Each structure stands twice: as C-alpha cells, then as structure tokens.
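Trainee:
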Amino acid sequence: KGKIHTWNMRITWAFILALLVGGDVLPGHTNPNSPGDMQGFDDDALHLVIEEGRAQIDRQNERFRHATDRGQVLLTVDLALLGFMAALLHHLVQLHGKREEIALIVWGVSALLAVIGTATAAAVVAVKATFGGIDTTIVSGMDPPILKKLAEEYAGAVRTGELTADLRVTAFRSATRITVWAGVLAAIAFGIAA
Numbered sequence: 030k031g032k033i034h035t036w037n038m039r040i041t042w043a044f045i046l047a048l049l050v051g052g053d054v055l056p057g058h059t060n061p062n063s064p065g066d067m068q069g070f071d072d073d074a075l076h077l078v079i080e081e082g083r084a085q086i087d088r089q090n091e092r093f094r095h096a097t098d099r100g101q102v103l104l105t106v107d108l109a110l111l112g113f114m115a116a117l118l119h120h121l122v123q124l125h126g127k128r129e130e131i132a133l134i135v136w137g138v139s140a141l142l143a144v145i146g147t148a149t150a151a152a153v154v155a156v157k158a159t160f161g162g163i164d165t166t167i168v169s170g171m172d173p174p175i176l177k178k179l180a181e182e183y184a185g186a187v188r189t190g191e192l193t194a195d196l197r198v199t200a201f202r203s204a205t206r207i208t209v210w211a212g213v214l215a216a217i218a219f220g221i222a223a
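Heads up: the sequence shown begins at 30 in the numbering used here, then just goes up one per residue.
(1) Whole angstroms is fine: what's the gap from Ala-74's alpha carbon to Ala-186's?
(2) Closest to Ala-218 by CA distance: which of Ala-140, Ala-109, Glu-81 is it?
(3) Excluding five sequence neighbours on each side, which residues of the same chain lie with their C-beta closer than 8 Å to the C-beta of Leu-142?
(4) Under three-state DSSP, which class holds Thr-41?
(5) Taking the alpha-carbon of His-95 as reference, which of Gly-51, Thr-199, Leu-179, Ala-223 has the nearest alpha-carbon?
(6) Counting Cβ pairs, one atom from each stretch, are 3 or more of them under 8 Å apart for the region 38-46 and the region 142-157?
(7) Who are Asp-53's beta bridge partners in DSSP?
(8) Alpha carbon to alpha carbon, what distance is there between Gly-137 and Lys-177?
(9) Below 8 Å CB to CB, which residues in the same chain sit around Ile-131 once its five sequence neighbours on both sides are set aside?
(10) Can you tell me whether Thr-189 is buried or exposed, with buried defined as 16 or more other CB within 10 angstroms of its CB?
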C-alpha cells in the first residue's frame with residue numbers, strides 16, 4: 030500500500046510539473062509484453078492481430094477521454110472550493126484565541142490541498158499525452174508484405190498508449206482524493222468558525 034501511495038504522489042507531482050513547465054508525462058516503464066515476430070502467422074491471424082490492436086487503441090483512447098472529461102468536472106469543483114476557501118478565510122480571521130489558531134491551521138492545510146487538487150485536475154485536462162498509432166500515409170509507403178508489417182506496427186503501438194491512459198486515470202484519482210480531503214478539512218474549519 031505504501032508503494033502505491035508513493036507512486037501516486039510521484040504521478041501527481043509529475044502532472045503538476047508538466048502543467049507548469051509544459052511537456053507531457055511519460056511512463057516510467059513500458060508494457061513488459063513485447064510483440065512477437067509473427068513469422069508463422071497466416072493472413073487470418075495477422076488480420077486478428079490488427080483488429081485486436083485497433084480495439085485496444087480505441088479502448089485506450091476511450092479511457093483517456095473519460096479521465097479528461099471527468100477531470101474537467103473536477104476542475105470546476107476545485108475552483109468552486111477555492112472560492113469557498115477564500116470566503117471562509119474572511120470569517121476565520123474574525124475569531125479570537127485558540128479557536129482562531131486551530132481554525133486557521135485546519136484552513137491552511139485544506140487550502141494547500143485545494144490548490145494541489147486544482148493543479149492536478151487542471152493537469153489531467155491540459156497536459157499532453159503520448160499514444161501509439163498507425164499513420165495511413167506511412168502504411169501506403171510500406172513494402173510488401175504490408176499485412177505483416179501493419180500487424181507488427183499495431184502490436185508495438187499499444188505498448189505506450191496503455192501506460193499513458195493508466196497514468197491519466199491515476200492522476201485523476203489522486204486529484205479526486207486530494208479534493209475530498211481538502212473539502213473535509215474546509216468543512217471542519219467552517220464548523221469551528223460557526
């Protein structure tokens with residue numbers, strides 16, 4: 030469980046850094062499965078590899094779009110939370126004594142998490158992604174046997190896309206978790222002020 034948490038936090042910071050300085054988040058490792066040589070494959074088997082490759086690339090793109098669409102919704106929630114946090118601060122500074130100190134500490138942690146959650150959600154939406162794909166213009170220039178080469182291209186193209194989609198989903202989940210904690214702490218700070 031600790032390794033998963035560390036991995037998720039590294040992904041979160043990688044996405045925030047990519048948002049701030051540009052670029053994309055590349056997988057730290059690649060899919061361990063390597064394409065085979067497909068020497069003994071007949072045309073039916075090669076067609077099957079191509080169709081499976083197309084289907085897998087479509088699933089990767091769908092997972093990616095799903096994460097970025099949900100990231101847009103989360104970004105809206107995060108921005109609203111930041112507005113609430115700003116309004117809440119006005120009420121907290123009017124408190125006195127220990128109650129003010131405790132409320133401001135809780136608010137500060139909540140505000141920090143809200144900013145990190147907002148940046149991560151924005152990164153899920155905005156950071157460039159790397160996917161494998163097959164360019165038809167390149168296929169049109171291939172020497173025969175095209176079917177075998179196309180099958181090899183599809184088998185190779187799915188490796189990077191699988192991890193790219195996984196990274197985006199992981200970053201979205203991390204942003205959601207951070208936002209939930211920011212909201213809970215904001216509610217606690219609001220309860221102290223009430």
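Using N, Cα and C, we set each Cβ at its ideal position, and we do this for glycine too.
Computed from a predicted structure; not experimentally measured.
Mentor: Taking the geometry as given:
(1) Here residue 74 is taken as the residue at index 45 of the sequence shown, counted from 1. Here residue 186 is taken as the residue at index 157 of the sequence shown, counted from 1. Distance between the alpha carbons of Ala-74 and Ala-186 is about 18 Å.
(2) Here residue 218 refers to the residue found at position 189 when the sequence shown is read from its first residue. Of Ala-140, Ala-109, Glu-81, the residue nearest in Cα terms is Ala-140.
(3) Locating residue 142 in the sequence shown gives position 113, where the first residue counts as 1. Once the five neighbours on either side are set aside, the close Cβ partners of Leu-142 are Ile-207, Thr-208, Trp-210, Ala-211, Leu-214.
(4) Residue mapping note: residue 41 aligns to position 12 of the sequence shown, counting from 1. It is helical.
(5) As a first step, residue 95 must be located in the sequence shown, where it is residue number 66. When only C-alpha atoms are compared, the closest one is Thr-199.
(6) yes
(7) Stepping through the sequence shown from its first residue, residue 53 is reached at position 24. DSSP, once it has assigned bridges, lists Lys-157 as partnering Asp-53.
(8) As a position in the sequence shown, residue 177 is number 148, starting the count at 1. As a position in the sequence shown, residue 137 is number 108, starting the count at 1. So the two alpha carbons sit approximately 59 Å from each other.
(9) As a first step, residue 131 is located in the sequence shown; it is residue number 102 there, counting from the start. Here the set comprises Ile-221.
(10) Looking up residue 189 in the sequence shown gives position 160. It counts as buried.
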